[in-house]
Every structure is written in structure tokens, then in C-alpha cells.
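Structure first, commentary second.
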Amino acid sequence: MRRIAAHYLFPVVGKPLHRGVVTLNDKNAIVEIGVLQNETESTEFYNGILVPGFVNAHCHLELSHLKNTCTPHGGLAGFIRQINSPARYRATAAERLAAMSAADREMQAEGIVAVGDVCNTAESFAVKQSSPIFYHSFIELAGLDEAMAGKKHQSARLLTAGAHAMGLAASITPHAAYSMSEPLLAAASAAANDAGIMSVHNQEGEEENTLFLSGGGALGKLFTGSGYALPPVTGERSIYRLLPYIEPHTSTLFVHNVTTTGEDYEAATRRLPHLTWVCCPLSNLQISRRLPPVGLFYKRNAQVAIGTDSLASNSRLSIIEELKIIHKHFPQIPLHTLLQWATLNGAQALGKESELGSMSVGKRPGVVLIENIDFTNMQLTSDSKVTLLTGNYGNTIIS
Ligand SMILES: [Zn+2]
């Protein structure tokens, strides 16, 4: 048994508790939540707030070796051009593995207990297998060449089966509206609907909308210049290409949403009751100097989760740093809401809410201490920092 208390405890479900205390059994499962009556010798007391472990709803572990290699502020097309450049992939297999291991350790240190991670290869599987973090691997399909669709789908199936054989959660997912031929988008979406979960990049830049509205813009230029086929010009914004392919029962993570409007939001939420809007603000600032419409999402009471994206477009894999930047630009959003976005909503999107995401009896969410809080306004400060106080959480195998 372990009793951990602090100035405030945010169970995330329910109100914050002043002098809250959480009692854990020896497997770190929560047996009781309450308010500290009298400090006993067996209670650990911390100066700060206690929150459940964070969920990073969007990452690409296998791009970790690309840290600090991309020139910022080039927009989405500029980022894609750089990411696809062969010069970016000169790192050896050992260097790539070391970078992924370091990224995994960084996330553990940042109190992250679950990750929705996008993969194009099996390179990250070994790191995930030995990590205490729960990973759902989204095996991503992309490609505008119709003739390649069958072959690509088959190799994604093999990759997914390989992950399952290693005991990892994994499912096939489409990359984005703009990067897929019709047959590939149909096949990837059908596989995601079958699995009941999808993570797709949505409206990361205005270039995406322009491509579908007119066939032009920076992405059109990039694809034509590279000899790729263009996706069909639909005359509608890019989000509308995705919606018909996704079935309402599917837990859908729309990632980025930088240029999503109120109208786009309404259309998507009407069709998809299990839709989560994943915001990766630091990546968006690095790529295009823009932020997602977080104020709109807050006003509409949207289901929002937080992602870091990869080290190719972010210098940190830290959910608290993402929350700080949201707080700076949208100070009207209460800390309680930010914490729900960073924990429970991501856990729900990944289907892990029965184990993670809130301080609830029976769950093993990990207990995170955040220090350097502005208690007067109950907000984060630029000095707020995270410590994970418990080891075993989620689906960690306990011997
Ligand atoms: Zn991504």
C-alpha cells in the first residue's frame, strides 16, 4: 500500500480535491481516492498537483532520428518535401534504434503512459515491446499510385500481424486525405473500421484544402513536380473526402486540424460520434507557425486530445509542454479541461479508458506530480514540471 497526497489532486473525472490523497495497492492500482484528514507517517505529501499519467495521442517514434534536421516554418508542403528527402535517412539502423529508445525514455520521464504511434515500418516494435508505456501502433498507408494499392495494403497487413505476434496493439490506418488513391483510401479505411479505430492526419495546412478545391497550391505543385498522381478535385475542403469512408462506430482520431472551421467541425461530429480532435500545437508552430482552433474546440465542448507529433517537427516529446503553449494562447481554458484533454480523452480514443486516463478505483493510470503550479489562478506556469511517481501502470506486465 502507498498513500500519495498533494495540495490538489485532479482525478479528471470529478472535481479537483484540495489536499487530495490517492491510495494504491502494491500493483499500483487505485484502491481509494479521498481528502487527507490527518497526515500520517505513511503518507507521502508533495508540493504540487497529482494527475493521472498522460496520453500522447499522436507520435511517430520511428522518426526520432530526424530531431533537429528539418528547417522550420516551411509549411506542410515544405515539411513533406524535407521528410521525403533521402538525405534525411542516412542514419544507420543502430542510430535509429538509439534515437527511438531515447524518445521512449523521454516520454516515460514526462509522465506519458500511453501513445498512439504511427508506423510505416516494424522498426519501433522492439522498443515498444520492452517499454512500460502502452503503445497503439497505427500502421499507416499512403500512396497516390492506384496500381500500388493492393501491394501496399498487403504489406501493411503483414506489418500489423507482426506487431500482434509481438503482443503489441496495432491496426491499419489511412495517412491523410491528400496522400491516397481512391482504392488505397477505401482499403485502409475498411481495415480501420474493422478494427474499430482510425488515426488520420486532417487539415494540417491550408494547402490540403486548396488541393481538393482547385487541384493547385503548394501540395499540388509538390506532387506534380514529383511525378505523383493528384487526388480527385472534389470542390470541397479536404475533411469531406475522409468522412464517407469512416463508419460511425469507429473511434476516430483526427490529427492536427489546423485549418478546421466551425462548419467542418459540425459536419464531422454529426457523422462520427466517437471522434477525437488531436491537437499537436508545438509541431504546428514549428511547421507552419499556426495553431489549431483550440478556442473553437473549447467553446463547442469538443472531445480534444493532445499529441506531440514526432521529433522531426518538435524538439520535445512532452505533453506538459504542449499544455503550456495552449495555456499561453488560450488562457480562458481551465486547467481541469486541459488535463482531461491530456489524459482521459486520449485514453478513450485509444480504447484504454478502463485502465488509464483518470484517478478511479480499480484503474492503474500512473500517478504524475506537477510542480510549480500557479495556485492563485490554478494554472500551469512556464516552470511547471512533471515527475512520474509510480512505476507499473496500464498493461505493464507485473511479475
Ligand atoms: Zn503525424
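First residue of the sequence shown? That's 0 in numbering that gives the first Met the number 0, and the numbers climb one at a time after it. No residue lacks a Cβ here, since even glycine has one placed at the ideal position from N, Cα and C. Since the model is a prediction, treat every value here as computed from it, not as a measurement.
Mind reading off the beta-carbon distance from Val20 to Ala4? Whole number of angstroms is fine, and I expect it under 8 Å. Locating residue 20 in the sequence shown gives position 21, counting from the first residue. Locating residue 4 in the sequence shown gives position 5, counting from the first residue. The Cβ separation is near 4 Å, so the contact holds.
Pick from Asn283, Ala301, Val34 and Phe133: whose alpha carbon is nearest that of Leu337? Taking the sequence shown and counting its residues from 1, one reaches residue 337 at position 338. Ranking the options by Cα distance to Leu337, first place goes to Ala301.
Beta carbon of Ile138, beta carbon of Ser188: below 8 Å? On the sequence shown, position 139 is the one that residue 138 refers to. On the sequence shown, position 189 is the one that residue 188 refers to. No, these two residues do not count as a Cβ contact at 8 Å.
Going by DSSP, which residues form a beta bridge with Gln378? Reading the sequence shown from its first residue, position 379 is the one you call residue 378. BP columns for Gln378 point to Asp373.
Identify the residues that DSSP records as bridge partners of Pro51: which are they? What you label residue 51 is simply residue 52 of the sequence shown in a count that begins at 1. Pro51 pairs with Val366.
For His326, which of helix, strand or coil comes out of DSSP? Residue 326 sits at position 327 when you count from the first residue of the sequence shown. Here His326 sits in helix by DSSP.
Which of helix, strand or coil does DSSP assign to Phe123? In the sequence shown, the residue the question calls residue 123 occupies position 124. Rather than Phe, the amino acid found at residue 123 in this sequence is Ser. Residue state, collapsed to three classes: coil.
Using C-beta distances below 6 Å, list every residue in its chain close to Asn67, excluding the 5 sequence neighbours before and after it, in chain order. For the purposes of this step, residue 67 is identified with residue 68 of the sequence shown, where counting begins at 1. Around Asn67: no qualifying Cβ.
Round the Cβ separation of Glu320 and Leu281 to the nearest angstrom and send it over; I've been treating them as touching at under 8 Å. If you number the sequence shown from 1, residue 320 lands on position 321. If you number the sequence shown from 1, residue 281 lands on position 282. Between Leu281 and Glu320 the Cβ distance is about 6 Å, and since that is below 8 Å, they are a contact.
Is there contact between the segment 105-115 and the segment 359-369, where contact requires at least three CB pairs shorter than 8 Å? yes
To the nearest angstrom, report how far apart Val385 and His328 are at their CA atoms. By one-based count along the sequence shown, residue 385 stands at place 386. By one-based count along the sequence shown, residue 328 stands at place 329. Each residue's alpha carbon lies about 21 Å from the other.
Just the Cα atoms here: how many angstroms apart are His135 and Ser198? Taking the sequence shown and counting its residues from 1, the one referred to as residue 135 is at position 136. Taking the sequence shown and counting its residues from 1, the one referred to as residue 198 is at position 199. Approximately 10 Å between the Cα atoms of the pair.
I'd like to confirm the pairing. Which residues does DSSP put opposite Met179 in its beta bridges? Within the sequence shown, the letter at position 180 stands for residue 179. In the DSSP output, where bridge partners are listed per residue, Met179 has Gly142.
Report the three-state DSSP secondary structure of Lys384 (helix, strand or coil). As a first step, residue 384 is located in the sequence shown; it is residue number 385 there, counting from the start. Strand.
Rounded to the nearest angstrom, what separates Leu60 and Val232 at their Cα positions? Start at 1 with the first residue of the sequence shown, and residue 60 comes out as number 61. Start at 1 with the first residue of the sequence shown, and residue 232 comes out as number 233. For Leu60 and Val232, the distance between alpha carbons rounds to 33 Å.
Does the distance from the C-beta atom of Lys298 to that of Leu379 stay below 8 Å? Along the sequence shown, one-based indexing puts residue 298 at 299. Along the sequence shown, one-based indexing puts residue 379 at 380. No, they are not a contact pair.
Buried or exposed: Thr70, going by 16 or more other Cβ atoms within 10 Å of its Cβ? Taking the sequence shown and counting its residues from 1, one reaches residue 70 at position 71. Classification of Thr70: exposed, given that the 10 Å Cβ count is below 16.
Meets three-Cβ-pair contact criterion under 8 Å: the segment 146-157 and the segment 126-135: no
Using a Cβ-based criterion (distance less than 7 Å to any ligand heavy atom), does His135 qualify as near ligand 1? As a position in the sequence shown, residue 135 is number 136, starting the count at 1. The answer is no for His135.
Grab the span of the beta strand (DSSP E) containing Thr416 for me, first residue to last. This structure does not reach residue 416, given that the chain is present from 0 up to 398, and the question cannot be answered.
Compare the C-alpha of Ser180 against each of Ala228, Gly77 and Leu343 and name the closest. By one-based count along the sequence shown, residue 180 stands at place 181. Checked all of Ala228, Gly77 and Leu343; the closest Cα to Ser180 is Ala228.
With 16 other Cβ atoms within 10 Å as the buried cut-off, status of Ser398: For the purposes of this step, residue 398 is taken as residue 399 along the sequence shown, with counting starting at 1. Confidence at Ser398 is low in this model, with a pLDDT of 31, below 50, so its placement is unreliable and the value that follows should be read with caution. Ser398 comes out exposed.
I'd like to confirm something about Asp263: is its beta-carbon nearer than 7 Å to some heavy atom of ligand 1, or not? Your numbering for residue 263 matches position 264 in the sequence shown. Not under cutoff, so the answer is no.
Is it the case that the CB of Val257 approaches a heavy atom of ligand 1 more closely than 7 Å? Your numbering for residue 257 matches position 258 in the sequence shown. It does not: the Cβ of Val257 is nowhere closer than 7 Å to a heavy atom of ligand 1.
Kindly indicate which three-state DSSP category His224 falls into: helix, strand or coil? Against the sequence shown, residue 224 aligns to sequence position 225. Per the sequence shown, the amino acid found at residue 224 is Gly instead of His. The answer is helix: DSSP assigns Gly224 an H, G or I state.
Taking its Cβ as the centre, do 16 or more other Cβ atoms sit within 10 Å of His326, making it buried, or is it exposed? Counting from one through the sequence shown, the residue named residue 326 turns up at place 327. The residue is buried, with at least 16 neighbouring Cβ atoms inside 10 Å.
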